[in-house]
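These notes concern the structure reproduced below.
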Amino acid sequence: MTEMLRTQLERAADRDFAALDLDAITTAGDRRIRKRKRVVLAGGVAVLALAVGATALVGGRGDDDLVVDLPDGAPAGLTYVVGDTLHTATASYDLGHEVRAYVRTSVGYAVLTPGGEVYSYVDGEVRRIGDAGRTSLVADAEDSWVGWVDESGATPAFVAHDLASGKTRRDDVQAELLGDDEQVIDLAWFVGIDAGTAYWTDRRGTVVLDLESGEMRELSGKGSERWITGVKDGFRVRLVETASGGDLGSEVVDPDGKVVLPLEDGRFLGAVSPGGRWVTSDGPVVVELATGESYPLQLEGSDALAYEWLDRDTVAAFREDSDAVDLLTCEVETGVCTVVADGLPATEGELVVPGSSGFFGFG
Amino acid sequence: MARDRAAFAEFVAARSPALQRAAFLMVGDVGLAQDLVQEALTKTYVAWPRLRDPANAEAYTRKAITTTAITWFRKRSWNGERATGVLPERADSGHADAVVVRQSLMDALGQLPPRQRAVIVLRFYEDLTEHQTAAALGCAVGTVKSQTSAALVKLRTLTGDDFDLNDLATGGVPA
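So the protein sequences, as listed, match chains A and B. Numbering follows our numbering, with no gaps: position 176 of the first sequence is 414. Numbering follows our numbering, with no gaps: position 31 of the second sequence is 65.
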């Protein structure tokens with residue numbers, strides 16, 4: 239007896255299904271919305287929202303004589319901080335300061351305390367190198383520069399500091415602080431540092447500074463370069479907006495400004511890998527720029543995210559359940575992931591990974 | 035369109051049975067199908083304010099089901115889970131024929147590559163056009179045509195003459 243394929247498919251699909259758990263769907267969705275914001279900021283952005291209630295920073299005593307027995311430079315590999323202790327895969331180090339955010343560079347680490355002080359950890363010595371405030375730190379892990387937004391003065395300023403030489407570059411933030419109704423008007427953010435070039439965004443649009451020469455230029459006023467959320471080896475991750483300013487997702491352009499990974503509606507991208515082959519995305523996947531193909535990472539559970547490139551093809555990732563966080567390293571091409579640390583505190587602010595302000599908190 | 039939970043709940047109640055059936059045909063397992071639809075609806079919920087029109091929600095969810103199923107198949111292949119390629123013996127009685135044909139169809143579907151399986155479900159169960167199928171898969175219409183042809187040939191080979199595929203190929207296939 240011959241039958242239409244359609245009829246057979248309908249008969250094959252005639253099964254009993256349990257009712258879906260709507261609460262579980264919306265709860266999971268709300269969590270992903272919060273995580274999406276983290277993905278964007280895990281690309282290495284230090285955001286300054288010039289908001290009501292800005293207060294003077296609490297001055298702290300700089301422990302300039304503190305010596306911390308960190309290994310020279312900042313070795314590649316997954317690191318994390320809990321409280322005032324930096325952990326690597328093989329050792330732990332007392333930093334002498336509570337940590338709100340930190341970054342890894344080629345010569346050492348920079349740390350932001352809850353009080354807004356910035357310290358460098360280079361060659362075993364700790365030095366106070368500036369004040370930030372509520373924003374995070376940015377750095378190029380393959381270089382020695384670190385950046386932040388200094389809110390300690392009358393006018394906020396973008397600050398880039400070379401941990402190797404001590405040289406500092408400053409540029410006043412150009413943005414209107416508050417409107418008459420004391421609501422936020424402008425955003426300013428230090429996008430990142432990439433191969434000796436700093437990128438920041440304020441009312442001017444995106445500004446690019448050659449850290450060596452001090453030469454500055456505006457990448458663009460408004461339009462497509464307005465919201466760059468990450469930069470690596472010249473590849474820029476950009477937010478794409480609707481006409482009314484709603485976020486549609488992300489795209490990636492190459493150093494010449496050509497779109498190499500177009501927008502996919504609802505997909506938000508994070509950090510480009512060294513060499514520009516991959517970019518992290520909002521979920522346990524990595525996307526190949528040249529092909530647009532998604533490479534899933536073997537991370538059990540759905541609440542997982544890749545957040546920091548450790549080398550060209552290895553990415554650090556976390557997975558979270560309600561009680562704890564595991565940190566893993568993943569090889570992108572195979573998707574194989576290895577646990578480096580498990581059972582870490584899941585409470586926001588207790589666990590800090592490089593480039594974030596608190597454990598994927600922001601602002 | 036703000037994240038209207040009531041509208042989303044209404045959408046889920048109205049469409050989830052059909053979505054689960056389509057998902058079952060794609061993955062061949064009831065529990066997996068429910069997980070797939072739950073995942074796809076979570077993505078739809080997150081995207082709800084951007085969809086601009088609730089009518090877009092089903093197309094969005096269908097695309098999420100399809101692309102997630104294909105990703106899951108790839109992950110399962112890492113664990114060595116592959117179709118065995120062995121079809122059940124066919125019974126001789128008329129009553130048993132219907133059950134055996136059903137099982138053969140699901141087995142045959144399970145032996146198709148993920149994209150071909152998705153194309154069969156979208157074109158012949160969901161009754162989508164080639165353009166709608168291409169949108170759900172995120173590929174070109176030409177790819178849908180070639181994947182459909184390859185899938186039908188393979189289904190014919192695997193199921194023998196249980197299905198009137200010739201009829202479908204000429205008159206039954208939606209434009």
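We put the beta carbon where it would ideally sit given N, CA and C, even for glycine.
Close-in-space but distant-in-sequence residues of the same chain around residue i (CB under 7 angstroms, 5 per side omitted)
i, result
"Thr182/B", "Val153, Arg157"
"Gly282/A", "Because Gly282/A carries a pLDDT of 45, less than 50, the predicted location of this residue cannot be relied on, and the following value inherits that uncertainty. Val376, Gly430, Gly468, Ala509, Gly593."
"Leu59/B", "Leu143, Val155, Tyr159"
"Thr78/B", "Ala91, Tyr94, Thr95, Ala98"
"Gly573/A", "Tyr533, Pro534, Leu535, Gln536"
"Val530/A", "The question names Val, but residue 530/A is Gly in the sequence shown. Leu499."
"Val478/A", "Leu486, Gly487, Ser488, Glu489, Leu501"
"His165/B", "Val175"
"Tyr437/A", "Val429, Gly430, Thr444, Val446, Ile466, Val469"
Beta-ladder partner(s) of residue i, from DSSP
i, result
"Lys229/A", "For chain A, the structure presents residues 239 to 601; residue 229/A sits outside this window and is missing."
"Val553/A", "Trp547/A, Cys568/A"
"Arg366/A", "Tyr357/A"
"Ile390/A", "It is worth fixing the name first, because residue 390/A is Ser in this sequence and not Ile. Its beta-bridge partners do not exist; DSSP assigns none."
"Thr518/A", "Val524/A"
"Leu582/A", "Val563/A"
"His325/A", "Tyr318/A, Ser330/A"
"Phe58/B", "For Phe58/B, which the question treats as bridged, DSSP gives no partner whatsoever."
"Leu499/A", "Val490/A"
"His399/A", "Val384/A, Thr406/A"
"Cys575/A", "Cys568/A"
Contact list for residue i against chain A, beta-carbon separation under 7 angstroms
i, result
"Arg49/B", "Correct list: empty, because the minimum Cβ distance to chain A is about 10 angstroms."
Beta-carbon neighbours of residue i, restricted to chain B and to distances below 9 angstroms
i, result
"Glu248/A", "Arg55, Tyr159"
"Gly385/A", "Going along chain B, no residue has its Cβ under 9 angstroms from Gly385/A, so there is no contact; the nearest lies around 31 angstroms."
Contacts of residue i in chain B (Cβ-Cβ under 7 angstroms)
i, result
"Thr264/A", "Arg39, Tyr79"
"Ala555/A", "Ordered by position in chain B, no residue passes the 7 angstroms Cβ test against Ala555/A, which lies about 15 angstroms from the chain."
"Phe255/A", "Pro51, Gln54, Val64, Gln68"
"Gly508/A", "Per Cβ cutoff of 7 angstroms: no residues; Gly508/A is ~16 angstroms from chain B at best."
Cβ-based burial, residue i [other Cβ within 10 Å; buried from 16]
i, result
"Pro522/A", "buried"
"Lys496/A", "exposed"
"Glu453/A", "exposed"
"Gly368/A", "buried"
"Ser358/A", "buried"
"Glu538/A", "exposed"
"His335/A", "buried"
"Asp261/A", "exposed"
"Gly404/A", "exposed"
"Val397/A", "buried"
"Val71/B", "buried"
Residue i to residue j span [Cα, whole Å]
i, j, result
"Ala345/A", "Glu558/A", "This sequence places Val at residue 345/A; Ala is not what is there. One C-alpha to the other measures close to 31 angstroms."
"Thr576/A", "Asp520/A", "20 angstroms"
"Ala314/A", "Val578/A", "14 angstroms"
"Gly514/A", "Gln246/A", "48 angstroms"
"Gly362/A", "Gly65/B", "55 angstroms"
"Arg476/A", "Ile466/A", "4 angstroms"
"Thr444/A", "Leu507/A", "19 angstroms"
"Trp427/A", "Asp440/A", "7 angstroms"
"Ile263/A", "Ala257/A", "12 angstroms"
"Arg505/A", "Val80/B", "11 angstroms"
"Ala67/B", "Glu588/A", "37 angstroms"
"Phe255/A", "Thr265/A", "21 angstroms"
"Asp322/A", "Arg550/A", "29 angstroms"
"Thr343/A", "Ala170/B", "43 angstroms"
"Pro493/A", "Ala43/B", "44 angstroms"
Contacting residues, own chain, Cβ-Cβ under 6 angstroms from residue i (five flanking each side not counted)
i, result
"Asp400/A", "Ser382, Trp383"
"Phe107/B", "Pro148"
"Thr406/A", "His399"
Cut-off 8 angstroms between Cβ atoms - residues of its own chain near residue i, not counting five sequence neighbours on either side
i, result
"Val553/A", "Ser511, Trp516, Thr518, Val524, Leu535, Ala544, Tyr545, Glu546, Trp547, Thr567, Cys568, Val570"
"Leu192/B", "Leu121, Ser138, Asp141, Ala142, Gln145"
"Asp448/A", "Gly434, Thr435, Met454"
"Asp542/A", "According to the sequence shown, residue 542/A is Ala rather than Asp. Excluding sequence neighbours, Ala542/A sits near Gly521, Pro522, Leu535, Ala555, Phe556, Arg557, Glu558."
Residues that residue i contacts on chain A, provided the C-beta gap is smaller than 9 angstroms
i, result
"Leu139/B", "Leu243, Gln246, Leu247, Arg249, Ala250"
"Ala103/B", "Those do not exist, as Ala103/B stays about 13 angstroms from chain A at its closest Cβ, beyond 9 angstroms."
"Gln72/B", "Leu258, Asp259, Ala262, Ile263, Ala266"
"Leu59/B", "Leu247, Ala250, Ala251"
Where residue i meets chain A, residues with beta-carbon distance less than 8 angstroms
i, result
"Leu75/B", "Leu258, Ile263"
"Leu171/B", "Simply none; closest approach about 13 angstroms."
"Val46/B", "Leu258, Leu260, Ile263"
"Ala43/B", "Leu260"
"Gln150/B", "Those do not exist, as Gln150/B stays about 13 angstroms from chain A at its closest Cβ, beyond 8 angstroms."
Partners in chain B for residue i, counting only beta-carbon separations shorter than 8 angstroms
i, result
"Ser532/A", "Thr105"
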